[in-house]
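Engineer: There's a structure below that I have some questions on.
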Amino acid sequence: MMRGRLLLLVFLALTLVVLGFMLTIAQRAKKAKQAIGPTFIYARGADAQKLDPADTDDGESVKVLNNVCEGLVRFRSGTTLIEPCLAESWQMSADGRVCIFALREGVMFHDGTPLTAETAAWSFRRQMDPNAPGRPSGASFAYWPALYSDIESVRPLDERRLEFRLKNSNAAFLANMAIFPAYLVSPQSFIMHGDGMQRHPVGTGPFRFRTWQPNERIVLEANPDYWGPKPKLARIVFKVVPSNASRLIQIQTGEVHAMDGLDPNDLGVLPGEKKLKLCNARGLNLAYLAFNCRKAPMNKLAFRQAVAMAIQKPALIQSVYRGAGEIATCPLPPVIRGTAVRLDDWPFDAARAKELINQLQTVVRPVTITTNDAFGATIQIETNVTERVELPRLTLHVMTNPRPYLPNPTRAAELIKNDLEAVGLKIAIVAKEWGSHLAAVRNAEHDLALHGWIGDNGDPDNFLSILDPRSARVGSAINVSFLEDEELGRLLKTGREEMDPAKRAKVYDDVLRVAHELLPLVPLAHADDMVVLRDNVEGFVLQPTLDVRLGPVSLK
C-alpha cells in the first residue's frame with residue numbers, strides 16, 4: 068500500500084514537472100511570438116551601395132538610412148517644410164551666417180553613445196577635414212563640396228548647443244541639413260568597424276541595423292530605446308527583386324508588403340487587385356541624357372544640339388512612362404520650379420540634326436601643294452582640302468534596374484539609340500546594374516549616359532548641383548556631364564547666397580537660360596512617384612523626396 072502511494076506521488080510529481088516544463092515552453096513561445104511581431108517587407112529593384120550617410124548618393128542606400136539615422140532637422144512628413152528632429156530648436160543670425168542648434172536631451176545612438184554637441188559635431192568634422200577620424204578609405208563624401216562647402220566651422224558651445232559658422236550666407240542651409248549626408252552617426256561606429264562602418268550604420272533612428280546579405284536583403288529591427296514614438300513594426304526587410312514583373316507578382320501574392328519601381332505598363336493591372344493600393348504623386352525628379360563634355364565630339368555644342376533635336380520625347384513618354392510622367396524641358400521639375408522663365412524645348416528636327424552631324428564629319432584642313440609654274444619653276448601653293456571623317460561609335464551607358472525617374476531604362480536606351488542612329492550616329496548601349504552604372508558615369512567612362520536626379524530637399528540649389536562645376540570631380544561626380552562652365556558656377560553661387568526669394572528666383576531663371584544654351588544634358592522626363600502597398604498597410608506616406616519612413620507604419 069505504501070509502495071503504491073509512493074509510486075502515485077512520484078507520478079504526480081513527474082506530471083507536475085512535465086506540465087511546468089510545457090508551460091514554460093508555451094510562455095517562452097508566446098514571448099518569442101510577441102518579440103517577433105510584424106515584419107514589413109519592402110521590395111525594390113536594386114541593393115544599397117553604402118550605408119554611410121555621408122558617403123552615399125544612391126536612392127537605394129538612402130531608403131535604408133532614412134530609418135536608421137536622423138539629422139538635426141527633418142522634413143515634415145509629406146512636405147519639404149523643415150521641423151525639429153535631433154535638435155529641438157535653432158537660431159539663425161540676421162546675416163544667415165551663424166546657426167546654433169539646441170539638441171534634445173536623453174537621445175542615445177544605437178550603440179549606447181549619448182547624443183551631445185560633441186558627438187554630433189563628429190559627423191560633420193569627418194567630412195570637412197581630410198585628417199579627421201571617421202573617413203573610411205576611398206570615401207568621396209560627394210555631397211560635401213556640392214551642398215556643404217560653405218560651412219566654415221562646427222563647434223560645441225556646451226553639452227547641448229552646437230554652432231555652425233558659414234563662409235557665406237546660404238539660403239538652402241536648413242534644407243540641406245535635413246537630408247541624408249547631414250544624418251548623424253555614432254563616433255564609436257568607426258572605432259568598432261573602421262572601413263566596415265559603411266556596412267554597419269549606427270544612428271539614432273526608430274530602427275537598428277541587423278544584417279545585410281548583398282543583392283538579397285537588408286534587415287532592420289525596432290529600436291526599443293527610440294526617443295520618439297516607438298515603431299509599430301518589429302523588423303523591416305528591404306528585399307532586392309530586380310525584375311519589375313517579379314516584384315508585382317510578389318506583392319500580388321502577399322510575399323511582400325510594398326514595392327516601388329512599378330512598370331507603368333502594369334498600371335492597368337492595379338484596378339482589378341482589391342488587395343493592393345497605389346500611392347502616387349507628381350515626381351520631384353528628372354531623367355536626362357548626359358554628355359561627357361570631356362570627350363570629343365560631346366565637347367562640341369553643335370553635336371549636343373544635334374542629339375537634342377534627334378530625340379523624339381513624345382514617343383519616349385508614351386513607350387516608357389505610359390502617361391505616368393511628363394516631358395522635361397529644363398532640369399527643374401514643375402513642382403519646385405518657382406521661376407518665371409519659359410524655355411522652348413529643343414524641337415524634334417531630324418533633318419537639321421543630320422545636317423549638323425554631317426558638318427562635324429566634314430573637316431577642312433590646309434595643305435601645301437608643290438608644282439611648276441608656266442616657266443618650269445617650282446612653286447608652292449597653299450590651299451584647303453575637304454575630308455570626311457567618320458565619328459567613332461559612341462557608348463550610351465544605362466542602368467538595368469528601374470529608377471524612380473526611369474521605370475524602364477533599357478527600353479529608353481533602345482529608343483534613343485534608334486533616334487541617334489537615324490541621324491547618322493553609331494551607338495553601342497552599355498547596360499550595367501545600378502551600382503556599376505553609377506561608378507562608371509562618376510568616373511567619366513561614358514560618352515553618353517542615361518541618368519537622373521531625385522530632389523533631396525525641394526530647393527533649386529540641390530537640384531541644379533548636376534550643373535555645378537564644383538560637382539564635376541572624377542570619381543565622385545554629381546555633375547556627370549563634366550561641363551565646368553564658369554558662368555554657371557557663378558550664377559549657382561549667387562543663387563545659394565541670395566536670401567531674398569524673389570531675387571533668388573530671378574537668378575535661377577538665368578541658370579536655366581544658360582544651361583539651355585550650353586546643353587550639357589538633354590532633359591527627358593519627370594516621372595510620377597509610385598509605390599504599391601498591400602491593403603493592410605497603414606501609416607505609409609509617400610514623401611516628395613522619396614524618403615522611405617517606416618517608423619509610423621503598421622500592419623492591420
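Under this note's numbering, the first residue of the sequence shown is numbered 68, with each subsequent residue one higher.
Just so you know, even glycine gets a beta-carbon here, dropped at the ideal spot from N, CA and C.
Jot down the residue ranges of each uninterrupted alpha helix (DSSP H) in the stretch 390 to 435, minimum 4 residues, whole runs only, in chain order.
Structural biologist: If we require 4 residues or more, the alpha helix (DSSP H) runs fully inside the stretch 390 to 435 come out as 417 to 428.
Engineer: Can you grab the Cα-Cα spacing for the pair G57 / R432, in whole Å?
Structural biologist: No information on residue 57 is available, as it lies outside the stretch 68 to 623 that the chain covers here.
Engineer: Specify the secondary structure class of G339 as computed by DSSP and reduced to three states.
Structural biologist: Helix at G339.
Engineer: Taking the beta carbon of K117 as the centre, do at least 16 other beta carbons fall within 10 Å, making it buried, or is it exposed?
Structural biologist: Label assigned to K117: buried.
Engineer: Near P181, which residues of its chain fall below 8 Å by C-beta distance, leaving aside the five closest residues on each side in sequence?
Structural biologist: Taken in chain order, the residues that qualify are V174 and M175.
Engineer: Quick one: using the 10 Å Cβ neighbour count with 16 as the cut-off for buried, is G618 buried or exposed?
Structural biologist: G618 comes out buried.
Engineer: Within the chosen definition, does the stretch 439 to 451 reach the stretch 491 to 508 through at least 3 CB pairs nearer than 8 Å?
Structural biologist: The answer is no - the stretch 491 to 508 does not touch the stretch 439 to 451, with fewer than three Cβ pairs under 8 Å.
Engineer: Hey, would you say L423 sits closer than 8 Å to P364, going by beta carbons?
Structural biologist: No.
Engineer: Distance, Cα to Cα, V547 vs Q447?
Structural biologist: If I take the Cα positions, the gap works out to 48 Å.
Engineer: In chain order, what residues of the same chain have a beta carbon less than 7 Å from the beta carbon of A539, not counting five sequence neighbours either side?
Structural biologist: So the qualifying residues of the chain are N546, F549 and E551.
Engineer: Grab the span of the beta strand (DSSP E) containing G350 for me, first residue to last.
Structural biologist: It is not in any beta strand (DSSP E) - G350 carries neither H nor E in the DSSP assignment.
Engineer: If you reduce the DSSP assignment to three classes, tell me which class Y109 lands in.
Structural biologist: Residue state, collapsed to three classes: strand.
Engineer: Less than 8 Å between the C-beta atoms of M466 and A420, yes or no?
Structural biologist: Not in contact: M466 and A420 (Cβ atoms no closer than 8 Å).
Engineer: With 16 as the cutoff for other CB atoms within 10 Å, does I258 come out buried or exposed?
Structural biologist: Flag for I258 reads exposed.
Engineer: Excluding the 5 residues flanking D292 on each side, which residues of the same chain have their C-beta closer than 7 Å to its C-beta?
Structural biologist: Here the set comprises M175.
Engineer: Nearest-angstrom Cα distance between E399 and D523?
Structural biologist: Reading off the sequence, residue 399 comes out as Leu, not Glu. L399 and D523: Cα-Cα distance of roughly 13 Å.
Engineer: On the DSSP letters alone, give me the boundaries of the alpha helix (DSSP H) that R51 sits inside.
Structural biologist: Within the shown structure, residues of the chain are numbered from 68 to 623, placing residue 51 beyond reach of any answer.
Engineer: Using CA atoms only, rank isn't needed, just tell me which of A544, V541 and S532 is closest to L558.
Structural biologist: That would be S532, whose Cα lies nearest to the Cα of L558.
Engineer: Using the Cα positions of L585 and E512, report the straight-line distance between them to the nearest angstrom.
Structural biologist: C-alpha separation (whole angstroms): 21 Å.
Engineer: For P354, which residues from the same chain have a beta carbon less than 6 Å from its beta carbon, with the 5 sequence-adjacent residues on both sides left out?
Structural biologist: A small fix is needed here, since residue 354 is Ala in this sequence, not Pro. For A354, where only same-chain residues beyond five positions count, the Cβ hits under 6 Å are Y472, L473, G519, L591 and A592.
Engineer: Give the C-beta separation of L252 and D114 to the nearest angstrom, bearing in mind that I take them to be a contact with Cβ-Cβ under 8 Å.
Structural biologist: The identity of residue 252 in the sequence shown is Val, whereas the question assumes Leu. At roughly 20 Å, the Cβ-Cβ gap does not stay under 8 Å, so V252 and D114 are not in contact.
Engineer: By the three-class DSSP mapping on this structure, what secondary structure does L634 have?
Structural biologist: Residue 634 lies beyond the stretch modelled for the chain, which goes from 68 to 623, so this question has no answer here.
Engineer: With a threshold of 8 Å, are at least 3 pairs of Cβ atoms found where one atom belongs to the stretch 553 to 569 and the other to the stretch 343 to 352?
Structural biologist: With the cut-off at 8 Å, the stretch 553 to 569 and the stretch 343 to 352 do not touch.
Engineer: Closer than 8 Å is the cut-off here; do at least three beta carbon pairs connect the stretch 155 to 164 with the stretch 233 to 244?
Structural biologist: The stretch 155 to 164 is in contact with the stretch 233 to 244.
Engineer: Cutting at 8 Å between CB atoms, please list the residues of its own chain near A594, excluding the five before and the five after it.
Structural biologist: So the qualifying residues of the chain are G350, N352, A354, Y388, A391, G392, P471, Y472, L473 and P474.
Engineer: When the Cα of M526 is compared with those of D119, V135, I149 and I108, which residue comes out closest?
Structural biologist: The residue asked about is misnamed: residue 526 is Asp in this sequence, not Met. Checked all of D119, V135, I149 and I108; the closest Cα to D526 is I149.
Engineer: Any idea what DSSP makes of H177, helix, strand or coil?
Structural biologist: H177: coil per DSSP, three-state reduction.
Engineer: Which first and last residues belong to the alpha helix (DSSP H) in which M195 is found?
Structural biologist: Taken as a continuous stretch (DSSP letters only), the alpha helix (DSSP H) holding M195 covers A184 to M195.
Engineer: Pick from V131, R143, D119 and A507: whose alpha carbon is nearest that of P254?
Structural biologist: Ranking the options by Cα distance to P254, first place goes to D119.
Engineer: Going by DSSP in three states, D124 sits in which element: helix, strand or coil?
Structural biologist: DSSP places D124 in coil when its eight states are reduced to three.
Engineer: If you run the structure through DSSP and keep just helix, strand and coil, what is D614?
Structural biologist: The answer is coil: DSSP assigns D614 none of H, G, I, E or B.
Engineer: Along the alpha helix (DSSP H) that carries M159, what are the first and last residues, could you check?
Structural biologist: Not the alpha helix (DSSP H): M159 falls in the beta strand (DSSP E), residues A154 to M159.
Engineer: On the DSSP letters alone, give me the boundaries of the beta strand (DSSP E) that K297 sits inside.
Structural biologist: Counting along the chain, K297 falls outside any beta strand (DSSP E), and DSSP gives it neither H nor E.
Engineer: For W520, report the span of its beta strand (DSSP E) as first-last.
Structural biologist: Note, W520: beta strand (DSSP E), L515 to I521.
Engineer: Write down every uninterrupted run of the alpha helix (DSSP H) in the stretch 354 to 383 whose length is 4 residues or greater and which is fully enclosed by it, in chain order.
Structural biologist: Qualifying alpha helix (DSSP H) stretches, in chain order: 368 to 377 and 380 to 383.
Engineer: Please go through the same chain and pick out, in chain order, the residues whose beta-carbon is closer than 7 Å to the beta-carbon of P200, but skip the five residues on each side of it.
Structural biologist: R193 and F257.
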